[in-house]
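Start counting at 1 in the sequence shown, then tack on 231, and there's your number in the working numbering.
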Amino acid sequence: MELVIARDKKEAIKKATKIISDLIRKKPNAVLQVATGSTMIPLYNELVRLYKKGEINFSEVSTFNLDEYAGLNFNNKESYHYYMNRYLFDKVNIQKCNTHFPSSNKEEYETEINKHGGIDLTILGIGINGHIAFNEPGSSFKSTTREVKLSKKTLDVNSRLFPNIKKVPKEAYTVGIKTIMKSKGIMLLAFGSKKSDAIKKALNGPITKDVPASVLREHKNVTFILDRDASQGL
Ligand code: GLP
Numbered sequence: 232m233e234l235v236i237a238r239d240k241k242e243a244i245k246k247a248t249k250i251i252s253d254l255i256r257k258k259p260n261a262v263l264q265v266a267t268g269s270t271m272i273p274l275y276n277e278l279v280r281l282y283k284k285g286e287i288n289f290s291e292v293s294t295f296n297l298d299e300y301a302g303l304n305f306n307n308k309e310s311y312h313y314y315m316n317r318y319l320f321d322k323v324n325i326q327k328c329n330t331h332f333p334s335s336n337k338e339e340y341e342t343e344i345n346k347h348g349g350i351d352l353t354i355l356g357i358g359i360n361g362h363i364a365f366n367e368p369g370s371s372f373k374s375t376t377r378e379v380k381l382s383k384k385t386l387d388v389n390s391r392l393f394p395n396i397k398k399v400p401k402e403a404y405t406v407g408i409k410t411i412m413k414s415k416g417i418m419l420l421a422f423g424s425k426k427s428d429a430i431k432k433a434l435n436g437p438i439t440k441d442v443p444a445s446v447l448r449e450h451k452n453v454t455f456i457l458d459r460d461a462s463q464g465l
């Protein structure tokens, strides 16, 4: 496991973008498993900047999103489809047919990942309760792509992006912990003091399904990239 504690968010994003761009340069048809959320916005902005400078080419890259709300129309501004188009896909030369999202297609999603030769790099955020993708506390380490119920905490946190909490879908589709752990490489980004408790539990606490991110320590090629605030409990 590699732990990077960057001076600030900007430096953390630089480090993360370098890992992604090095991978794509080495393997132009790299398969990325990608996250949404506020943490990823500066990362995608930086990838778009590098693309515009001619430093990254997404024409052969494939992506598999980690999660998506159930029952939201793809044109809905809160859907993860909309988010990905807005922050990345519409701004780079990725082919939309090479982008994938989990849905009721569960087994097919796993099969499709395998057909692509597996995930080269999973890019993760972390929830304040230690969730990764939408694998809430209590998720089995053997879990694969499935429909899940979101925890009260996640509904509360994610309601900031919706008109009110009642509009937040209570169910979502997510890849499983096993799906994530099968990736060849994993990178988790966390910024700000509100993530410090989850990071402390994930890195220093017991490896337990009560803190889904703690399982990542069992992966052979995982990098945690934090800013100072997120690392303050370590
Ligand atoms: C959401 C997403 C996760 C994301 C996490 C952190 O619920 N399902 O994939 O990593 O929460 O989000 P943020 O970066 O906005 O804090």
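C-beta: ideal position from N, C-alpha, C; glycine also.
This one's a predicted model, so the numbers in the text were calculated from it and none came from an experiment.
In this structure Ile357 is in contact with Ala421, their Cβ atoms being roughly 5 Å apart against a cut-off of 8 Å.
In this structure, the ligand GLP has no non-hydrogen atom nearer than 7 Å to the beta-carbon of Asn307. For a cut-off of 8 Å, the C-beta gap from His347 to Asn296 is around 14 Å, too long to register as a contact. Going by DSSP, Ser293 is part of the beta strand (DSSP E) stretching over 293 to 296. The C-beta separation of Ser414 from Ile350 comes to about 4 Å, placing the pair in contact by the 8 Å criterion. In the DSSP secondary-structure assignment, Ala403 is bridged to Tyr300, Val379.
It is roughly 6 Å from the alpha-carbon of Thr353 to the alpha-carbon of Met418. Secondary structure of Leu319 (DSSP, three-state): coil. Between Arg377 and Arg448, the alpha-carbon positions lie close to 23 Å from each other.
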